[in-house]
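Worksheet: the structure to be examined is printed underneath.
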Amino acid sequence: MATRKNHNAATGGDAPGGDPEERFLKAFDEYSDALFRHATYRLSDRERATEIVHDTFTKAWGYLRNGHEIDSYKSFLYKVINNLIIDEYRRRKEVSLDKLLGEEGTDEGSFVELHGGGLEELTFTLDAERVLTLLGTLPPAYREVITLRYVDGLGPKEISDLIEESENVVSVRIFRGLRQLRDTIEGEEERARQNRDTKWT
Amino acid sequence: MNNFDSDIKKYAHKTRLKASEKAALRERIVSYMEYHPLPGKTVAVEAPRTKVPFIEPAVSISSYITVPFGSLPVRIFGGVLVVVVFVVIPIVAERSVPGDVLYLVKTEVNEGVRTQFANSPYKKVALETKLMERRIAEARLLASEGKLTEEVEEQIAATVKTHAEAVQSGIAEIEEENSEDAAIAKIAFTSALEVQSAVLDQAVETGTSSVATIIDVVNVVHEAVSADENTVEPSFTALSARIESETTRAYELFETVKETATEDEVVNIERRLSDINRKVNAAKNIEQEDLIAAQESMKDALGLIQKLVSFMTDIDLRESVALETIVPIELTPEERIGTVAKTLSEVRTDLTKLSGILPRVTDPDVAAKVTIGIEEVTAFVTKTEDAVNTLLVAEAESNVQIANTFVKDLIALIAPYVPVPDSTGDPVVDPIIGSSTEPLPGVLATTTDTGTTTDTVTLPVEPDIPVTQ
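Put into structure tokens, the structure is as follows:
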């Protein structure tokens, strides 16, 4: 087995072939920050996010020990971390993703929500930094897709494969999540304006 | 892509692992990989950072082969002498104890060399802890042979104190760089002191010489370390990381110990490992709700795993003290419920006895106290049953303990009214209560070898207390 001194991989984490340990550690070097960032925005807890990232890699290592191969570390690791985060939500007794879907309906979404125009218009009105600070206020299902889309930079198809929902559902959730954020921001601004007006009268 | 996409990515990327966090996480992952190798690979376990490598005397023998006189026999003699002086003697000296000729070689030469090579505070702490444990082991050996004189005991106690102070100074150095590491080093040192304290107590029981002075030194150091309020509390993450590496080490050691240990020892160690895992999982489950309790639990778990590792690595320790003394079993919730059920059954039996004897109580005050007492005990029995049914184990234990203490007090109160056995020595069988093999307190009761008589009354069958899964 490679000793600690030899743990500088010559091949990329997602390149086929090469020593499995070196590939694994290369994947750690390449994706640990992104996974940490993802977990932090999903859980709003930095310490817990670190543990989740650790568990993600130990699970991946366990998968290799069981004789499997990992072709693409990126998609594999995101899949594992997503499942761990869902387990975390359940442990915290947050609203289940299924229950959330049940409440809002599983419809495919309106024309405006699905066909991009509404989304484009919505993002023009949003302050990116503010959105990030308010991610934690979103329900888990919306937080999931918005984090994957904008923090992790995954495309709708990648997100769809990861969370095992159709691309339509992914797009609808992104739209609704951003809309909810916009409403939250506007609500806060309105309250701030009212407080100022009250002070001056 | 409009500005929103690029802006959000720009801000989001400010959230990342710090360099130190990433390095620590990588270290944990690599450690995990080494202790869980891929199939077909051998494990190259790098010694944990706290383990001190054995340092041979740093002398090159070949530089001494050439002897001034030049003749072959002298050269051979010189070579053999050098090997004896620089290799054999230090090795033999390792087994010496105070009073032996080679003891100074052991402490001044061998250990002196090792101390010089402990060039980091972490290594210093580990080495000085090891040396302290050695001194105590030497004292125990001498005590068991009746050779530990007062003078030697005082010398060893002084040396133990010196090594303990060196550990504390090492921990203070670590604290300057990393307060969490220092807190964790302190837990390790406290565990080592507790193990030595338990071992010394055992030596007091079995030895023929006193080790009281050494016990005092260990206790004073233990109190000083425990009472130090300046230590930063290690974070949950730091504790988790350390527990993981210690647990991995423990499991690896266990695989080795299994080859030579008895079946009982294997079962006992396995049980402790399972208890510690359960404790850690319970701490992780309550981390969000009660971080302080979770951290305390993790600190306990770390101390226990370190003691278990000491037990597995130190043959002398295994032979000197039972595992239960240093790592007591922690009952599972099911076992605790079982104990509660057993006590509850005893309480019900006692309540039945009380009800049977109550009509005989002639003192109205005593009768009133017993009547009220029976009602209160019954209330605690009901609370215990409710707690068991809702799996509130701690509450069930507390209530059954109160009920048991109370009913025992009532039994003592009515003792004067319990029939005294007749002069033949046969136990008097009360038609209501039947007979018991257990003498009631304050009563001159006897039991027969044949047990109960045929006049016993069948008591009501106690329902099994369900243990909800």
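Heads up: the sequence lines are chains E and F, in that order. Quick note: the first sequence, position 139, residue 166 per my numbering, numbers continuous. Quick note: the second sequence, position 385, residue 1171 per my numbering, numbers continuous. Note that beta-carbon positions come from the ideal geometry of N, C-alpha and C, so glycine has one too. None of these values were measured; they are calculated from a predicted model.
- The contact set of Thr-1111 (chain F) on chain E, defined by CB atoms closer than 8 Å, is empty, because the minimum CB distance reaches about 34 Å.
- Remark: C-beta atoms of Arg-92 (chain E) and His-822 (chain F) approach each other more closely than 8 Å.
- Judged by DSSP in its simplified three-state form, His-799 (chain F) adopts coil rather than helix or strand.
- Arg-203 (chain E) is a Cβ neighbour of Tyr-169 (chain E), given a cutoff of 8 Å.
- Using a CB distance cut-off of 8 Å, Pro-47 (chain E) counts as an interface residue toward chain F.
- With respect to chain F, the C-beta atom of Arg-92 (chain E) has a partner C-beta closer than 8 Å.
- Within the region 154 to 185 of chain E, contact with chain F at the beta-carbon level (separation under 7 Å) is assigned to Ala-155, Glu-156, Val-158, Leu-159, Tyr-177, Val-178, Gly-180.
- At the C-beta level, Glu-1183 (chain F) and Arg-1122 (chain F) come within 8 Å of one another.
- The region 1129 to 1141 of chain F makes contact with the region 1167 to 1185 of chain F; the number of CB pairs closer than 8 Å reaches 3 or more.
- Counting only the Cα atoms, Val-1126 (chain F) lies some 20 Å from Glu-1161 (chain F).
- The residue among F:Glu-936, F:Ile-1197, F:Glu-1032, F:Asn-1054 with its C-alpha nearest the C-alpha of Tyr-818 (chain F) is F:Glu-1032.
- Annotated three-state conformation of Gln-954 (chain F) is helix, per DSSP.
- Residue burial annotation: Pro-1119 (chain F) is exposed, with fewer than 16 other C-beta atoms found within 10 angstroms of its C-beta.
- Take Lys-947 (chain F), set aside five residues on each side of it, and the residues of its chain with a beta-carbon closer than 6 Å to its own are Val-1003, in chain order.
- Under the 10 Å beta carbon count, Tyr-1037 (chain F) is surrounded by fewer than 16 other beta carbons and is classified as exposed.
- About 7 Å separates the beta carbons of Leu-208 (chain E) and Leu-165 (chain E), which is inside the 8 Å limit, making them a contact pair.
- Taken atom to atom, the span from the alpha-carbon of Glu-807 (chain F) to that of Glu-959 (chain F) is near 21 Å.
- Sorting F:Ser-1096, F:Glu-951, F:Gly-1159, F:Gly-956 by C-alpha distance to the C-alpha of Val-1006 (chain F) places F:Glu-951 at the top.
- Any Cβ of chain E closer than 8 Å to the Cβ of Pro-1020 (chain F) would place that residue at the interface, and such an atom is absent.
- Proximity of Arg-64 (chain E) to chain F, defined by a Cβ-Cβ separation below 8 Å, is satisfied.
- Asp-987 (chain F) carries a helical assignment under DSSP once its states are collapsed to helix, strand and coil.
- For His-949 (chain F), no chain E residue has a Cβ inside 9 Å of its Cβ, as the nearest lies near 31 Å away.
- DSSP, reduced to helix, strand and coil, places Arg-1064 (chain F) within a helical segment of the structure shown.
- Gly-1089 (chain F): member of the alpha helix (DSSP H) spanning 1077 to 1099, first to last residue.
- Within chain E, the residues Arg-64, Tyr-68, Leu-159, Tyr-177, Val-178 have their CB atoms less than 8 Å from the CB of Ala-798 (chain F), given in chain order.
- If you keep only unbroken alpha helix (DSSP H) runs of at least 4 residues inside the region 1000 to 1064 of chain F, you get 1022 to 1043.
- Identification of residues in the region 809 to 825 of chain F having a C-beta nearer than 8 Å to some C-beta of chain E yields Leu-811, Arg-812, Arg-814, Ile-815, Val-816, Tyr-818, Met-819, Glu-820, His-822, Pro-823, Leu-824, Pro-825, given in sequence order.
- Shortest Cα-Cα distance from Ile-1143 (chain F) to any of F:Ala-1180, F:Glu-1110, F:Tyr-1203 involves F:Tyr-1203.
- Boundaries of the alpha helix (DSSP H) around His-81 (chain E): 73 to 92.
- Of all residues in the region 1068 to 1091 of chain F, only Lys-1070, Asn-1071, Glu-1073, Gln-1074 place a beta-carbon less than 9 Å from a beta-carbon of chain E.
- In the pairwise beta carbon analysis, the region 216 to 226 of chain E is classified as not touching the region 152 to 160 of chain E: fewer than three pairs are separated by under 8 Å.
- Counted as a single uninterrupted DSSP element, the alpha helix (DSSP H) harbouring Ser-187 (chain E) occupies residues 183 to 190.
- Exclusion of the five residues before and after Arg-73 (chain E) leaves Thr-67 as the residues of its chain whose Cβ lies within less than 8 Å of its Cβ.
- Close to chain E, meaning a Cβ-Cβ distance shorter than 8 Å, is no residue of the region 1136 to 1158 of chain F at all.
- By the criterion of a C-beta distance shorter than 6 Å, His-949 (chain F) is surrounded in its chain by Glu-914, Leu-917, Met-918, once the five residues flanking it on both sides are discounted.
- Contact annotation: Val-1018 (chain F) and Glu-963 (chain F) have beta-carbon atoms that are not nearer than 8 Å.
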